[in-house]
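Student: I have a structure here, written as structure tokens, and I will follow up with some questions on it.
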Amino acid sequence: MEREVRVRFAPSPTGPLHIGGVRTALYNYLLARKLGGKMLLRIEDTDQNRFVPGAEKYIMEALRWAGIEIDEGPEQGGPHAPYRQSERKPMYRQYAQQLIDSGHAYYAFDTPEDLDVMRARLTAAKVPNPQYNAITRNQMRNSLTLPEDEVKELLATDVPYVIRLKVPRKEEVRFQDLIRGWVVVHSSAIDDKVLMKSDGMPTYHLANIVDDHLMEITHVIRGEEWLPSAPLHVLLYRYLSWESTMPQFAHLPLLLKPDGTGKLSKRDGDKLGFPVFPLEWHGQDAETGEPTISSGYRESGYLPEAFINFLAFLGWNPGSQQELFTMDELIESFSIERVSKSPARFDQNKVRWYNEQYLRAKPDTELAQYLLAALREHNIECSEEKAVQIAGVMKERVTFPQDFWREAQYFFQAPTSYDEQVIAKKWNAPTAAALAEFARELPASSDVSPDGIRALLTQVLERQGIKIGQVLQALRVAVTGVTAGPDLMATMSIIGTAETAQRIETAVQRLPQ
RNA sequence: GGUCCGUUCGUCUAGGGGUUAGGACAGUAGAUUUUCAUUCUACCAACAGGGGUUCGAUUCCCCUACGGACUACCA
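Here you go:
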């Protein structure tokens with residue numbers, strides 16, 4: 003019987019999610035939806051030392067903003083609750099015990115100092131890969147080397163100990179990665195990983211295998227940084243006798259810093275010149291403890307659709323020439339086989355381009371709301387109708403929602419200064435005279451449409467014997483103060499004939515001829 | 001150092017034993033526009049190197065180089 007597809011996104015709440023994490027979540031989500039399965043969110047908080055308050059909430063909010071819906075998780079619950087590993091603590095012990103009973107794991111009583119000494123000794127002896135393994139475990143203090151009685155005694159006391167996996171000395175471990183094909187690693191390259199820490203918490207390796215099994219996960223889609231430890235996970239499935247239902251693995255290519263040196267990390271914050279986080283993050287400096295703010299895509303004005311579309315294409319493509327995809331289209335077209343193997347760099351230009359595309363596709367009435375919100379903040383009255391008109395003429399010229407207000411202020415405020423270059427070149431007595439006459443007649447004009455205003459202007463200029471091209475730049479600067487903007491006739495029409503006339507008169511008075 | 005993964009225009013990528021190696025972003029030029037932007041058109045620009053296999057390799061294999069990940073009682 004075909005198993006229901008179940009995938010999980012399993013972040014550790016040690017800070018904000020960065021865009022690489024969002025992409026991992028996205029690919030998991032796309033696969034789940036594509037195959038009619040379930041998307042789980044599991045919080046991997048087994049390291050109590052690295053707990054960061056607010057991180058879990060941030061992760062959930064970021065996913066929600068991005069449009070990645072969770073079917074089972076800490077918030078929504080589900081048949082395999084709880085979905086926080088710290089709350090599942092009692093469940094892991096028995097599996098570690100099972101491994102000990104079957105001879106695949108053992109107790110180790112070495113102190114951190116013992117381990118340091120061991121590593122130092124191996125390094126001094128020029129051992130290529132100092133690790134706790136099939137060879138070195140014989141020289142350490144563990145249930146393999148100590149007499150049985152002593153082990154029992156130690157366990158009965160409160161001497162701290164860990165449980166380690168007994169990795170075979172010589173064995174090829176292989177698995178098939180959905181993206182990379184067969185991956186083979188020799189067991190000698192894997193060390194005797196700690197499964198249970200001395201604080202009673204499982205490590206990632208144990209917890210993730212146990213939870214994936216219990217939660218009936220069918221596909222593990224995670225970052226490439228997990229590739230080297232995947233064989234270890236295969237070994238765990240085998241020793242726990244779960245190999246027949248072991249999930250399929252897919253290791254995603256990393257997201258690199260734009261200069262190509264190293265993977266993107268959350269510590270990059272704002273250092274790269276673009277946000278690495280979906281949402282703004284309020285944290286604190288690791289050394290000084292000072293509060294810090296890292297910018298986010300949401301606050302920078304990126305639309306989630308654009309952000310997601312861009313992110314989906316970082317390491318995946320549909321094989322067609324289509325660039326713009328809604329979430330539903332992404333789901334429809336997604337396949338894990340088309341994820342590329344090689345790492346990708348973030349391209350700021352392209353995210354911006356995506357944002358412009360999605361912004362322009364929105365109806366004017368919706369875009370007008372961005373402007374209206376900014377106007378309210380500045381205590382400026384504006385009818386919805388007027389805001390819709392402005393949005394309509396401005397939409398081709400903006401990248402972010404906040405650009406509407408920034409670029410369109412002259413619709414509400416008369417210019418306080420005028421572009422000097424245009425004035426020097428285009429402002430002269432005949433022009434001023436013609437514009438003055440235009441301004442005198444404009445308020446009485448019955449047709450206030452762009453075409454009507456144009457007709458009046460043409461009429462006035464004809465009387466004066468001036469060509470329209472000679473005065474338009476001057477007129478624009480007189481009305482708006484700046485040289486660039488949407489169609490001037492439409493601009494004047496939106497500003498209103500009375501206000502436009504007044505602005506022209508002001509300019510005629512103030513500017514030298 | 002060791003293990004593993006990767007390498008097509010500046011960037012994201014398509015392709016795949018015989019192609020004018022395709023698209024998108026960026027860049028450049030032109031057209032449109034009263035301006036700027038948009039839009040349109042064109043241009044620029046890539047198979048890391050060396051060996052094989054083959055009639056023929058950018059494509060398959062090997063080596064080298066380069067890049068990256070991992071190498072914790074972190075995930």
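Its first residue numbered 3, the first sequence is counted upward by one per residue in my numbering. Here a beta-carbon is modelled for each residue, glycine too, at the ideal position from N, C-alpha and C.
Going residue by residue through the stretch 26–108, where are the continuous alpha helix (DSSP H) segments of at least 4 residues, counting only ones entirely within it?
Tutor: Whole alpha helix (DSSP H) segments, 4+ residues: 57–68, 91–103.
Student: Can you give me the start and stop residues for the alpha helix (DSSP H) that ALA288 sits inside?
Tutor: The residue given as residue 288 occupies position 286 in the first sequence. That residue, ALA288, is in no alpha helix (DSSP H); it is neither H nor E in DSSP.
Student: Look at the alpha carbon of LEU43 and the alpha carbon of GLN78, and state the distance between them as a whole number of angstroms.
Tutor: As a working mapping, residue 43 is identified with position 41 in the first sequence. As a working mapping, residue 78 is identified with position 76 in the first sequence. When rounded, the distance between both Cα atoms is 9 Å.
Student: Mapping the DSSP letters down to three states, classify SER246 as helix, strand or coil.
Tutor: Position 244 of the first sequence holds residue 246. Three-state DSSP puts SER246 in a helix.
Student: Determine the burial state of LEU326: buried for a count of at least 16 other Cβ atoms within 10 Å of its Cβ, exposed for fewer.
Tutor: For the purposes of this step, residue 326 is taken as the residue at position 324 of the first sequence. Exposed, because fewer than 16 other Cβ atoms sit within 10 Å of the Cβ of LEU326.
Student: Do you know offhand how far SER451's Cα is from ALA393's?
Tutor: The residue you call residue 451 lines up with position 449 of the first sequence. The residue you call residue 393 lines up with position 391 of the first sequence. Looking at the two C-alpha atoms, the distance is approximately 17 Å.
Student: Comparing alpha-carbon positions, which option in PHE111, GLY105, ALA441, ARG10 lies nearest TYR31?
Tutor: For this step, residue 31 is matched to residue 29 along the first sequence. Per the Cα distances, ARG10.
Student: Take the Cβ of LEU257 as the centre, count every other Cβ of all protein chains shown within 10 Å, and call the residue buried at 16 or more, exposed below.
Tutor: For this step, residue 257 is matched to residue 255 along the first sequence. The residue in question, LEU257, is buried, as its Cβ has 16 or more Cβ neighbours within 10 Å.
Student: When you compare the stretch 483–495 with the stretch 377–395, are there three or more beta-carbon pairs, one atom per stretch, that lie closer than 8 Å?
Tutor: Taking 8 Å as the limit for Cβ pairs, the verdict is that the stretch 377–395 does touch the stretch 483–495.
Student: Residues in its own chain within less than 6 Å of TRP283 by CB, not counting five upstream and five downstream?
Tutor: Here residue 283 corresponds to residue number 281 of the first sequence, with the count starting at 1. If we look at TRP283 and ignore the five residues flanking it on each side, its Cβ neighbours are PRO18, SER296.
Student: Count the other CB atoms within 10 Å of the CB of PHE251; is the residue buried (16 or more) or exposed (fewer)?
Tutor: Counting from 1 along the first sequence, the entry for residue 251 is found at position 249. That one is buried.
Student: Just list the beta strand (DSSP E) runs in the stretch 172–252, keeping only unbroken ones of 3 residues or longer that don't cross its boundaries, in chain order.
Tutor: 174–179, 183–188, 196–198, 221–225, all fully within the stretch 172–252.
Student: Out of curiosity, what's the CA-to-CA distance linking VAL510 and GLN466?
Tutor: Your numbering for residue 510 matches position 508 in the first sequence. Your numbering for residue 466 matches position 464 in the first sequence. If you take the alpha carbons of VAL510 and GLN466, they lie about 16 Å apart.
Student: What are the start and end residues of the alpha helix (DSSP H) that includes PHE11?
Tutor: Along the first sequence, one-based indexing puts residue 11 at 9. Premise fails: PHE11 lies in the beta strand (DSSP E), 8–11, not in any alpha helix (DSSP H).
Student: Would you check if the distance between the CB atom of ASP194 and the CB atom of LEU167 is smaller than 7 Å?
Tutor: Stepping through the first sequence from its first residue, residue 194 is reached at position 192. Stepping through the first sequence from its first residue, residue 167 is reached at position 165. The answer is yes: Cβ separation under 7 Å.
Student: For THR125, does the count of other Cβ atoms within 10 angstroms reach 16, so buried, or fall short, so exposed?
Tutor: Position 123 of the first sequence holds residue 125. So THR125 ends up on the exposed side.
Student: Please specify which runs of the alpha helix (DSSP H), each continuous and at least 4 residues long, are wholly inside the stretch 385–469, giving them in chain order.
Tutor: Here the runs fully enclosed are 386–396, 404–409, 422–428, 431–443, 452–466.
Student: Measure the alpha-carbon distance for GLN472 versus ARG456 and round it to whole angstroms.
Tutor: As a first step, residue 472 is located in the first sequence; it is residue number 470 there, counting from the start. As a first step, residue 456 is located in the first sequence; it is residue number 454 there, counting from the start. Going by the C-alpha atoms only, they are around 14 Å apart.
Student: With DSSP collapsed to three states, give me the class of PRO114.
Tutor: Mapped onto the first sequence, residue 114 falls at position 112. The answer is helix: DSSP assigns PRO114 an H, G or I state.
Student: Can the beta-carbon of VAL581 be found less than 7 Å from the beta-carbon of THR502?
Tutor: The chain is shown only over 3 to 515; residue 581 falls outside these bounds and no answer can be derived.
Student: Rounded to whole angstroms, what is the Cα-Cα separation between GLU58 and SER14?
Tutor: By 1-based counting over the first sequence, the position of residue 58 is 56. By 1-based counting over the first sequence, the position of residue 14 is 12. Cα to Cα, the separation comes out at about 8 Å.
Student: Going by C-alpha to C-alpha distance, which of TYR360, LYS265, ALA209 sits closest to VAL278?
Tutor: Walking along the first sequence from the start, residue 278 turns up at place 276. Per the Cα distances, LYS265.
Student: With a threshold of 8 Å, are at least 3 pairs of Cβ atoms found where one atom belongs to the stretch 394–408 and the other to the stretch 373–384?
Tutor: Contact between the stretch 394–408 and the stretch 373–384 is present, because at least three Cβ pairs lie under 8 Å.
Student: Determine which residues share a DSSP beta bridge with GLY298 and list them.
Tutor: Taking the first sequence and counting its residues from 1, the one referred to as residue 298 is at position 296. Bridge partners of GLY298: PHE279.
Student: If contact is defined by three or more beta carbon pairs under 8 Å, each pair taking one atom from either stretch, is the stretch 315–329 in contact with the stretch 85–92?
Tutor: With a cut-off of 8 Å, the stretch 315–329 and the stretch 85–92 do not count as touching, because too few Cβ pairs lie within range.
Student: What residues in its chain sit with their C-beta under 6 Å from that of VAL212, if we drop five residues either side in the sequence?
Tutor: As a position in the first sequence, residue 212 is number 210, starting the count at 1. Taken in chain order, the residues that qualify are TYR94, TYR97.
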